[in-house]
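Taken in sequence, the protein lines are chains A and B.
Counting in this note's numbering, the first sequence runs from 1 upward without gaps.
Counting in this note's numbering, the second sequence runs from 1001 upward without gaps.
All residues carry an ideal CB built from backbone N, CA and C; glycine is no exception.
Worksheet for the structure shown next.
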Amino acid sequence: MLEVKQVSKRYDGGRGVQNIDFSMQRGEIVGFLGPNGAGKTTTMRMITGYLYPTEGTITVDGLSVHDEARRARAKIGYLPETPPLYPDLTVEAYLKFVAKLRGVPAREQKLRIAEMVSRLGLNGREKQSVRHLSKGYKQRLGLAQAIIHQPDLLVLDEPTSGLDPSQIIEIRSLIRELGENHTVLLSTHILQEVGALCDRVLIINRGELVMDGAPDEIGKRMESRFAVSLEVRGERRRVERVLGDWASARGISAEIHRDAEGREAEPVEAGRVLPQDDNVSAALEPELEQSVPEQTAPDETSSVPRPVQAEQPVQSASVVPANSAVPADPASSADGSVRALLTADGHEDFRVELFRLLAEADLPILELHKENLTLEDVFLKLTADNAGSSPVESEAETAAEDFSVEAVSPESPDQTDDGGERR
Amino acid sequence: MNRILAICGKELRLYFLTPTSYFAFAIYVLMSSFMFYVDFVTYQPSVIDYRLILGDMLFMLLIVVPILTMRLVSEEFRQGTDELLLTSPASVTEVVLGKYLASLGVLLMLLLCNLVYPAIMSLFGTLDMLTLWLSVLAVFLMGAAMMAIGLFASSLSQHQMVSAVAGFVLLLMFWLTGTLVSQNESLAQWIGPFSLPDRISNLTKGVINGPDVIFYVTLALLFVVLSIQVIERKRWR
């Protein structure tokens, strides 16, 4: 369907893409991932024929995008990052123009436009001028523009950027629907989107393709640890003691997260689980998500030293209390529940053992979940590895802002902090 | 051809959906009618001749043409719609020709506005119809060349204002070559023929002079081709 062979594009400034090489089968939905400026848009523009590659060839169904441009382009539908709309035209006039431009036969045009309008939920807006459409509708119109000529290959550059959550869901389901009849290449920097939509992921970093595979497969391939997150009902101290003892008994130098007010976790050796316990747990909020962005800490916790992100051991057991009742006195909050994240090197499954341990201790497990290496982790690994000698700062910053990763890549916590403050 | 017409249709539609073209038309009609008043009503010539008022109207084109052409390509770049055009099956040649065709349509409308004056003149005497229509043709040819220059200027920048100024400067250069070098005999021989308004005199006299017509046509062609090249070049960057 689509063959991209050893394609490079060099810009004046030196950046661009080098030796991109992949192919797509008919009916595939492929996600194209990468930090900002990695070369996603450049690659897509070359595929659609907007730019010509400096080296290499791109063929769609055996037709060179460059040499047989007209026929190749007729097979491609393209939604650029900003939908290419004429604000002065009405929705109908715009679609009509695109249909003519894309060579939709005259007698089919009306039908096709009506189909686009109903399919993308633009009903009742045909006579509205594009200028007055909301962002979501503009995106839909952009999508309509890309599929009006029923292309074989659909290239979408960040189709869900700038949309609100419900619109994102709509567009995604639409893309999934389109994926049944079209081959879709979509770029995004929202990683969940790839997991939700794509059969295959291409990760690009600094102009080079660094990973190609199915989303879950990629996670497995890069997996080097076994992680379990669990929620245990019981008194906080006891849970911590039981888990901590067990962790150190297994030779795990564990780390305890004390997630106070959404701050970064504080690493503590498993042996000394409860140093400032009274002080901290009084300020705990119920059910704190780890990914909650940094908030200003209230006064009680200001005495707690600012968490330092050091190089952390891979094996860790982190215990995050998540009491549902306000834990005024930690000793009395027997009804509370504690969240923990246990991580071990290798692939040994310790879940059965863990269950027995907690059952014996009469600590009911409310939730037990095996953590897979997420695309975020894969992504961060890949992009961080490749950062190499070049400035790590920008890389970590991009990663942090794009993927809202809760645990910052350990190499560069300082830079990210700086970034946060600067912004 | 269909694609050329599609783009032409879109451009014409946009011409009449944006205030800029109304503004340009307003300036043109206002100024030309003012000049008509000065040339015809106040001056009260003894002959009824379209050419009496033609010169001043030509000058108006110098201002109006860049305003009308500045949008053509610049706006596509600014809105990102060039990505639609350049990834569509239409070639750059088709895109540019479509746009040029639209600008010629607008030029024709300007000329139609201008025909009001000979109509008024004809009430006071008989007009030589042949010279009238030849003059209109001459103005159209010159305007067509000017539109091509404006189109080229528009493809240079994604800012309409820059395009308009560039177009105006280019046109002014072609306009003034005749007068600027008239002192220097040998220079005038070389550069003089490139003057836009000087070439028109034969046609308005009723003489269809081959080189004059060819000059305008080639000038138009040259700048259309240049525009195509400028846009095509963006693919390589």
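query                                                                                                                                                                : result
Quick one: grab the DSSP three-state call for Asn1202 of chain B.                                                                                                    : helix
Here's the rule: buried if 16 or more other CB atoms are within 10 angstroms of the residue's CB, otherwise exposed. What is Leu153 of chain A?                      : buried
Give the C-beta separation of Ile29 of chain A and Asp199 of chain A to the nearest angstrom, bearing in mind that I take them to be a contact with Cβ-Cβ under 8 Å. : 5 Å
Assign Ala310 of chain A to buried or exposed, taking buried as 16 or more other Cβ atoms, counted over all protein chains shown, within 10 Å of its Cβ.             : The predicted position of Ala310 of chain A is uncertain, since its pLDDT is 41 and thus under 50; a value taken from the coordinates is nonetheless stated next. Ala310 of chain A should be labelled exposed.
Which partner residues of Ala227 of chain A appear in the DSSP bridge assignment?                                                                                    : A:Thr343, A:Glu371
For a contact defined as C-beta to C-beta under 9 Å, what are the partners of Lys100 of chain A on chain B?                                                          : Asn1002, Arg1003, Leu1005, Ala1006, Ile1007, Gly1009, Lys1010
Let me know if Leu1214 of chain B comes out buried or exposed under the rule of 16 or more other beta-carbons within 10 Å of its beta-carbon.                        : According to the sequence provided, residue 1214 of chain B is Ile. The question's Leu does not apply to it. Classification of Ile1214 of chain B: exposed, given that the 10 Å Cβ count is below 16.
Whose C-beta lies closer than 6 Å to the C-beta of His149 of chain A among residues of the same chain, with five residues either side of it excluded?                : Arg102, Val104
Could you spell out the range, first to last residue, of the alpha helix (DSSP H) harbouring Phe97 of chain A?                                                       : 91-101
Taking its Cβ as the centre, do 16 or more other Cβ atoms sit within 10 Å of Arg424 of chain A, making it buried, or is it exposed?                                  : This structure gives no information on residue 424 of chain A, because the portion of chain A shown stretches from 1 to 423.
List, from N- to C-terminal side, the beta strand (DSSP E) runs of 3 residues or more that fit wholly inside the segment 1062-1144 of chain B.                       : none
Strictly under 8 Å for the Cβ-Cβ distance: is Gly1105 of chain B near chain A by that measure?                                                                       : no
Using 10 angstroms around the beta-carbon of Leu1014 of chain B, count the other beta-carbons present and answer buried if the total reaches 16, otherwise exposed.  : buried
Leu89 of chain A touches chain B at which residues, Cβ-Cβ below 9 Å?                                                                                                 : Lys1010, Arg1013, Leu1014, Leu1017
Name the residue from B:Leu1226, B:Gln1079, B:Ser1227, B:Ala1145 whose alpha carbon lies nearest to the alpha carbon of Ile1195 of chain B.                          : The sequence given here has Ser at residue 1195 of chain B, not Ile. Considering only alpha carbons, the answer is B:Ala1145.
By Cβ distance below 6 Å, which residues in the same chain neighbour Phe1174 of chain B in space, the five residues on each side in sequence not counted?            : Leu1196
Going straight from the alpha carbon of Phe1036 of chain B to that of Ile1053 of chain B, what length do you get?                                                    : 6 Å
Would you kindly work out how many angstroms separate the C-alpha atoms of Tyr1028 of chain B and Pro1066 of chain B, rounded to a whole number?                     : 12 Å
Could you check if Val210 of chain A is buried or exposed, using at least 16 other CB atoms within 10 Å of its CB as the buried criterion?                           : buried
Just the Cα atoms here: how many angstroms apart are Leu85 of chain A and Met116 of chain A?                                                                         : 15 Å
Determine, using beta carbons only, whether Gly49 of chain A and Thr1087 of chain B come nearer to each other than 8 Å.                                              : yes
Look at Gln25 of chain A and Gly56 of chain A and say whether their C-beta atoms are less than 8 Å apart.                                                            : no
Would you mind sorting Thr1179 of chain B into buried or exposed? The rule is 16 or more other CB atoms within 10 Å of its CB.                                       : exposed
For Asn123 of chain A, does the three-state DSSP call read helix, strand or coil?                                                                                    : coil
Can you find at least 3 beta carbon pairs, one from the segment 119-130 of chain A and one from the segment 1115-1131 of chain B, that sit closer than 8 Å?          : no
Any contact between the segment 1074-1091 of chain B and the segment 1030-1047 of chain B? By contact I mean 3 or more CB pairs, one from each, below 8 Å.           : no
Is DSSP giving Val239 of chain A helix, strand or coil here?                                                                                                         : helix
So, are the CB atoms of Leu186 of chain A and Ile175 of chain A less than 8 Å apart?                                                                                 : yes
Leaving out five residues before and five after Gln1160 of chain B in sequence, what residues of the same chain have Cβ atoms less than 7 Å from its Cβ?             : Met1070, Arg1071, Ser1074, Glu1075
Please tell me whether Tyr137 of chain A has its Cβ less than 8 Å away from any Cβ of chain B.                                                                       : no
Taking the DSSP output, what are the residues bridged to Gly31 of chain A?                                                                                           : A:Leu186, A:Val201
How many Å lie between Ser291 of chain A and Asp212 of chain A at the Cα?                                                                                            : Residue confidence for Ser291 of chain A is low, a pLDDT of 41 falling below 50, so the modelled location carries little weight; the figure read from the coordinates is stated next. Taking the straight line joining both Cα atoms gives about 28 Å.
Let me check understanding here. Comparing Cα to Cα, which of A:Ile168, A:Thr54, A:Lys75, A:Asp67 lies closest to Asp61 of chain A?                                  : A:Lys75
What residues in its chain sit with their C-beta under 8 Å from that of Leu89 of chain A, if we drop five residues either side in the sequence?                      : Phe97, Ser129, Val130
Give me the Cα-Cα distance between Tyr1022 of chain B and Met1031 of chain B, rounded to the nearest whole angstrom.                                                 : 14 Å
From the DSSP output, in three-state form, read off Tyr78 of chain A for me.                                                                                         : strand
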